[in-house]
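K.L.:
When the letters of the sequence shown are read in order and numbered with my numbering, they come out as residues 6 to 184.
Here's a structure for you.
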Amino acid sequence: MTAETRGRIRHIALSVKDPWETAEFYKQAVGLQEVLELDGPLAEGVFLTDGVVNLAILHFKNDEASQGTGTDFVGIHHIGFWVDDVVEQGRIARNTGATWIMGDTNNPNGYEIKHTDLDGIIFDIAAHGWVGSQKNPGSADNVVQANPQRRLAKFDERRARAQAKIAAIRAKQVAVAAE
Numbered sequence: 006m007t008a009e010t011r012g013r014i015r016h017i018a019l020s021v022k023d024p025w026e027t028a029e030f031y032k033q034a035v036g037l038q039e040v041l042e043l044d045g046p047l048a049e050g051v052f053l054t055d056g057v058v059n060l061a062i063l064h065f066k067n068d069e070a071s072q073g074t075g076t077d078f079v080g081i082h083h084i085g086f087w088v089d090d091v092v093e094q095g096r097i098a099r100n101t102g103a104t105w106i107m108g109d110t111n112n113p114n115g116y117e118i119k120h121t122d123l124d125g126i127i128f129d130i131a132a133h134g135w136v137g138s139q140k141n142p143g144s145a146d147n148v149v150q151a152n153p154q155r156r157l158a159k160f161d162e163r164r165a166r167a168q169a170k171i172a173a174i175r176a177k178q179v180a181v182a183a184e
């Protein structure tokens, strides 16, 4: 495998019941930074980053959008690889046994071309990375995806509810520890 065909894990997507609650947990528990909120045709959610890897915390809107996992599935939904050439990498993946499930396999600027591996686990490849991710940290040729820190006002109440829940859990733990 050449450097040009080596993928870099830069994206992990979780399927959850409440993206704002899960995002608040990861922000508080391990210090991830919120990048943006999403309300797209397939899912709503929150994107976090550690500065290198993007963590998408999603709730899929319907079974088709969930790419076979269903809207009630909770867990790791898929992983994403930042590649140099999505057309070539996709061809290599399919020739190795991957099954294409979504995205334009002939678009060199394609974003999230989804496949399943030999066990049916979903992965995607992208030529442009994900918000909050870095392609080659520490290298002179590193590419850093912008961090727009976009929040959607329509989710203010859900965000506040999630923050209050995590604060209550923390307060309860402090009280128990003080006993």
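Beta carbons are placed, not taken as given, at the ideal position from N, Cα and C, and that holds for glycine.
1) Go to Phe30, then tell me how far its alpha helix (DSSP H) extends in each direction, as first and last residue.
2) Is there contact between the region 34 to 43 and the region 64 to 77, where contact requires at least three CB pairs shorter than 8 Å?
3) Going by C-alpha distance, which of His120, Glu184, Pro113 and Asp55 is nearest His133?
4) Taking the alpha-carbon of Ile130 as reference, which of Glu29, Phe86, Ala180 and Phe52 has the nearest alpha-carbon?
5) Measuring only the C-alpha atoms, how far is Val92 from Gly115?
6) Which residues bound the beta strand (DSSP E) around Glu49?
7) Pick helix, strand or coil for Ile174, following the three-state DSSP scheme.
8) What distance in whole Å lies between the Cβ atoms of Gly95 and Thr110, which are believed to be in contact at a cut-off of 8 Å?
9) Starting from Asn59, follow its DSSP beta bridges and name the residues at the other end.
P.N.:
Here's the rundown:
1) Per DSSP, the continuous alpha helix (DSSP H) segment holding Phe30 begins and ends at Pro24 to Val35.
2) Contact between the region 34 to 43 and the region 64 to 77 is absent, because fewer than three Cβ pairs lie under 8 Å.
3) Closest option to His133, judged by alpha-carbon separation, among His120, Glu184, Pro113 and Asp55: Pro113.
4) Comparing C-alpha distances from Ile130 to each of Glu29, Phe86, Ala180 and Phe52 shows the shortest one belongs to Phe86.
5) Taking the straight line from one Cα to the other gives about 8 Å.
6) Taken as a continuous stretch (DSSP letters only), the beta strand (DSSP E) holding Glu49 covers Ala48 to Thr54.
7) Correct three-state label for Ile174: helix.
8) Correct: roughly 5 Å between the Cβ atoms.
9) Here Asn59 is bridged, per DSSP, to His16 and Thr54.
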